[in-house]
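Q: Just passing along the structure, written as structure tokens.
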Amino acid sequence: MRKIIYTSLALLGLILSSCTDGDLDPKLSINKPNTEIKTVGDLKVVLGGAYDIMTTYAYYGRNVIVFGDVRSDNAYANGNSGRFRTSAAMDMTNADSDANDAFLRMYAVIANCNIIIDANIVADPNIVGNEAEINYVKGQALALRALVHYDLVRMYGQQHVAGGDLNSLGVAYVKHFLDVDDMKPKRSTAGEVKSFIYSDLDKALSMMDKSFDKGNKKVVRTTMVYAIKARVALYFGDWDIAKVSSQEVINNSGARILTAVEYAESFKANLQPNSIFELAFTSDDNRGNDSLFRIYNNTAYGDIVVLEDLKNQFSSSDVRGNMITIQERLRLRNTGKFVKVDINVVLFRFEEMLLINAESSFRLNAADPLALTNLNLVATNRNATPYMSVSIDNILLERRKELCFEGFRFDDIARTKMNMPVVDPVKQTYDDLGLEGITYGSSRYAFPIPLKEMNANANAIQNKGY
Numbered sequence: 017m018r019k020i021i022y023t024s025l026a027l028l029g030l031i032l033s034s035c036t037d038g039d040l041d042p043k044l045s046i047n048k049p050n051t052e053i054k055t056v057g058d059l060k061v062v063l064g065g066a067y068d069i070m071t072t073y074a075y076y077g078r079n080v081i082v083f084g085d086v087r088s089d090n091a092y093a094n095g096n097s098g099r100f101r102t103s104a105a106m107d108m109t110n111a112d113s114d115a116n117d118a119f120l121r122m123y124a125v126i127a128n129c130n131i132i133i134d135a136n137i138v139a140d141p142n143i144v145g146n147e148a149e150i151n152y153v154k155g156q157a158l159a160l161r162a163l164v165h166y167d168l169v170r171m172y173g174q175q176h177v178a179g180g181d182l183n184s185l186g187v188a189y190v191k192h193f194l195d196v197d198d199m200k201p202k203r204s205t206a207g208e209v210k211s212f213i214y215s216d217l218d219k220a221l222s223m224m225d226k227s228f229d230k231g232n233k234k235v236v237r238t239t240m241v242y243a244i245k246a247r248v249a250l251y252f253g254d255w256d257i258a259k260v261s262s263q264e265v266i267n268n269s270g271a272r273i274l275t276a277v278e279y280a281e282s283f284k285a286n287l288q289p290n291s292i293f294e295l296a297f298t299s300d301d302n303r304g305n306d307s308l309f310r311i312y313n314n315t316a317y318g319d320i321v322v323l324e325d326l327k328n329q330f331s332s333s334d335v336r337g338n339m340i341t342i343q344e345r346l347r348l349r350n351t352g353k354f355v356k357v358d359i360n361v362v363l364f365r366f367e368e369m370l371l372i373n374a375e376s377s378f379r380l381n382a383a384d385p386l387a388l389t390n391l392n393l394v395a396t397n398r399n400a401t402p403y404m405s406v407s408i409d410n411i412l413l414e415r416r417k418e419l420c421f422e423g424f425r426f427d428d429i430a431r432t433k434m435n436m437p438v439v440d441p442v443k444q445t446y447d448d449l450g451l452e453g454i455t456y457g458s459s460r461y462a463f464p465i466p467l468k469e470m471n472a473n474a475n476a477i478q479n480k481g482y
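Next up, the structure:
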């Protein structure tokens, strides 16, 4: 972890070095990094650095989103450029670069967040609302820290491996930047990580004055905090929390569901009415060949190809099916989402909240009319046939159709304890240590802890099977 954190400091320096002369000095002291942070503007610069790291190709710029679909019955890797071959086959080793790069970037974001959270800034009495604004930015950092630890535990945690549960190993929950008393942190259990996530989110909400929200979808707002809480609660089966949190977003976010006419066009422009939070990508952030566009579309890379089984789930009237088209060599491509290299990545949108609310309502009370209402609100606004009844299968099917290519499918498979669906044994090149298929509980349901982390942290424990 020490090398991970030190590297994150270097990344922070690279990000800040592009700022103007009046911005925060990027040469933070390793021992006392917060001495250079004196104003709320400084906090915002470091928070901007966290967003920047999240947009890198190894995190939400590409890889972490692709992992959720290529490890499922939605897509496969064709080997055009050699990308995602091991993750698609669920055949990683502890030296795998995909596992290492995502791990590194995630803890780099956490490092930025912890610099903000630990910063000791005295509010300026001459500036009205200064203390509230400082607390608001710290609350934003707490929310991001919670989200990133959630991403870490769902990818590297052991809660779905070999009879695992919340008592199984999760990840190290890092709460301070370069903590001299915890330079080699131990892994918390998955249950402890979940509790820490909820604690961070609740504290964020207590610190964030809604008057500072101001409708900016490219930064953390109180609405996004509830959206994170809803997603986390769905994953862990905390149905009461999932329902209350998703309902808060539905009622108070100012977002709405898109109609069928709006749907396809919405992926061609930023800041759409259904967006709750999106990571901004400008021309300066142009990822070129490392973009989601290049990996999904028929390009020089184009490694991620759609499986026919997903295409077959859409009726002829469902507008979502039109976003999958036949390209060269009769390959099915995602040509509807991530249609250019510099499009924003929407991490939370209104439709996800409707589906979380539908599932949590049904799980709590199968007769709750909200379940069918919200499920069909999504389906009918895509010109799909409405459901006559609610079931977990119907909910998962609608999530698969609505959220495909956005990184959700693998987690839906894992959290519902499904074996990996094999719909094309030739293209889904799974390898579970020589065994056919990937059954629930396999060590392959979790990424390996990177070898670099194992070598740097004497307290690190490797995941089963690696």
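Positions in the sequence shown are counted from 1; adding 16 to them yields my numbering. Every residue gets a Cβ at the ideal spot worked out from N, C-alpha and C, and that includes glycine.
(1) May I ask which residues mark the beginning and end of the beta strand (DSSP E) holding ARG349?
(2) In chain order, what residues of the same chain lie with their CB nearer than 7 Å to the CB of VAL80, ignoring the 5 residues before and after it?
(3) What is the C-beta distance between ARG170 and ALA188, in whole angstroms, given that I count them as a contact (C-beta under 8 Å)?
(4) Taking 8 Å as the limit between beta carbons, can you name the residues of its chain near PHE309, skipping five residues before and five after?
(5) For THR238 versus MET224, is the C-beta spacing smaller than 8 Å?
(6) Helix, strand or coil, according to DSSP, for LEU449 in the structure here?
(7) Taking DSSP's pairing of strands, which residues face PHE293 in a bridge?
(8) Taking the straight line between their C-alpha atoms, what separation do you get for ILE143 and LEU160?
(9) Under 8 Å between the Cβ atoms of VAL153 and ILE131?
(10) Is ILE93 helix, strand or coil when you go by DSSP?
(11) Which two residues bound the contiguous alpha helix (DSSP H) that contains SER277?
(12) Excluding the 5 residues preceding and the 5 following ASP140 in the sequence, name in chain order all residues of the same chain whose CB lies nearer than 6 Å to its CB.
(13) Buried or exposed, going by whether 16 or more other CB atoms sit within 10 Å of the CB of GLU324?
(14) What first and last residue would you give for the beta strand (DSSP E) that runs through VAL62?
(15) Note down, in chain order, each residue of its chain lying with its Cβ closer than 6 Å to the Cβ of LYS210, except the 5 sequence neighbours on either side.
(16) For ASP198, tell me which candidate among ALA476, LYS480, LYS468 and ALA104 has the shortest Cα-Cα distance.
(17) Could you tell me which uninterrupted alpha helix (DSSP H) segments, each at least 4 residues in length, are contained entirely in the stretch 86-138, listed from first to last along the chain?
(18) Should ASN110 and LEU467 be called a contact, given that it needs their Cβ atoms to be closer than 8 Å?
(19) Please return the same chain residues whose Cβ sits closer than 7 Å to the Cβ of VAL439, not counting the five positions on each side in sequence.
(20) CA-CA distance, LEU386 and TYR242?
(21) What does ILE340 pair with, by DSSP beta-bridge criteria?
(22) Looking at the strands, I want to know which residues DSSP matches up with THR205.
(23) Under three-state DSSP, which class holds GLY84?
(24) In the DSSP assignment, what are the bridge partners of GLY457?
(25) Can you list, in chain order, the residues of its chain whose CB lies under 7 Å from that of PHE364, leaving out five sequence neighbours each side?
(26) With a cut-off of 8 Å on the beta carbons, I'd call SER103 and VAL86 a contact; round off their distance for me.
(27) Across which residues does DSSP place VAL321 in a beta bridge pair?
(28) Quick check on this structure: which residue in ALA296, SER405 and GLY318 has the alpha carbon closest to the alpha carbon of GLY65?
A: Well, looking at it:
(1) 348-350
(2) ALA118, ASP167 and GLY423
(3) ARG170 to ALA188, Cβ: 15 Å. No contact.
(4) THR315, PHE354, VAL355, LYS356, VAL357 and ILE359
(5) yes
(6) Three-state result, LEU449: coil.
(7) PHE364
(8) 27 Å
(9) no
(10) Reading off the sequence, residue 93 comes out as Ala, not Ile. DSSP places ALA93 in strand when its eight states are reduced to three.
(11) First, the residue type needs correcting, since residue 277 is Val and not Ser in the sequence shown. Taken as a continuous stretch (DSSP letters only), the alpha helix (DSSP H) holding VAL277 covers 276-282.
(12) Contacts found: ASN146.
(13) Flag for GLU324 reads exposed.
(14) Following the DSSP letters along the chain, one finds VAL62 in no beta strand (DSSP E) but inside the alpha helix (DSSP H) bounded by residues 56-70.
(15) PHE252
(16) ALA476
(17) Qualifying alpha helix (DSSP H) stretches, in chain order: 101-104 and 113-134.
(18) yes
(19) ASP89, LEU323 and ASP325
(20) 19 Å
(21) Under the DSSP definition of a beta bridge, ILE340 partners with ASN350.
(22) LEU185
(23) helix
(24) VAL177
(25) MET240, ALA243, ILE292 and PHE293
(26) 6 Å
(27) Its beta-bridge partners are TYR92.
(28) Checked all of ALA296, SER405 and GLY318; the closest Cα to GLY65 is ALA296.
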